[in-house]
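A.B. asks:
Have a look at this one:
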């Protein structure tokens, strides 16, 4: 019969191993944020480089967010939402978070209205861009600047 040796970690060994694992994972995480250029490249990828028009998209964000950890956003697109004229997808893009992609909302004519609400995390003062892809292939956009402050002291 083969004997199996089982080792049990004590609390100190466990904490050292957990700390080393956490440090290794954190070393691989970049603290760099997206730039306007990175956001533009992401938008180009989303839209296939198609031209975009201003209008129809409305982004409702506070001008000043005293806490960037939980910023309310409402986004809507002016569309009749009929079978031949509706919003297919609505994207939110960041120019200052660790990655430019924030959210994508998908709609059908059965949705009735093209609007969504959520809370997002903003790393710093930045533009938030909304892009609406319509059923007829047109693309509309809007951009809103949000100033993120730290404890209401500016930032």
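In this note's numbering, the protein residues as written are 104 to 258. Beta carbons are placed, not taken as given, at the ideal position from N, Cα and C, and that holds for glycine.
1) Exposed or buried, which one is residue 122 when buried takes at least 16 other CB atoms within 10 Å?
2) Which first and last residues belong to the alpha helix (DSSP H) in which residue 246 is found?
3) Let's see if you can read the secondary structure: which residues bound the alpha helix (DSSP H) around residue 144?
4) Quick one: is residue 145 buried, meaning 16 or more other Cβ sit within 10 Å of its Cβ, or exposed?
5) Starting from residue 195, trace the beta strand (DSSP E) both ways and give me its first and last residue.
6) Using CA atoms only, rank isn't needed, just tell me which of 219, 136 and 247 is closest to residue 193.
7) Using DSSP with H/G/I as helix, E/B as strand and the rest coil, what is residue 201?
C.D. replies: Here's the rundown:
1) exposed
2) Per DSSP, residue 246 belongs to no alpha helix (DSSP H); it is in the beta strand (DSSP E), 242-251.
3) 139-150
4) buried
5) 190-197
6) 219
7) coil
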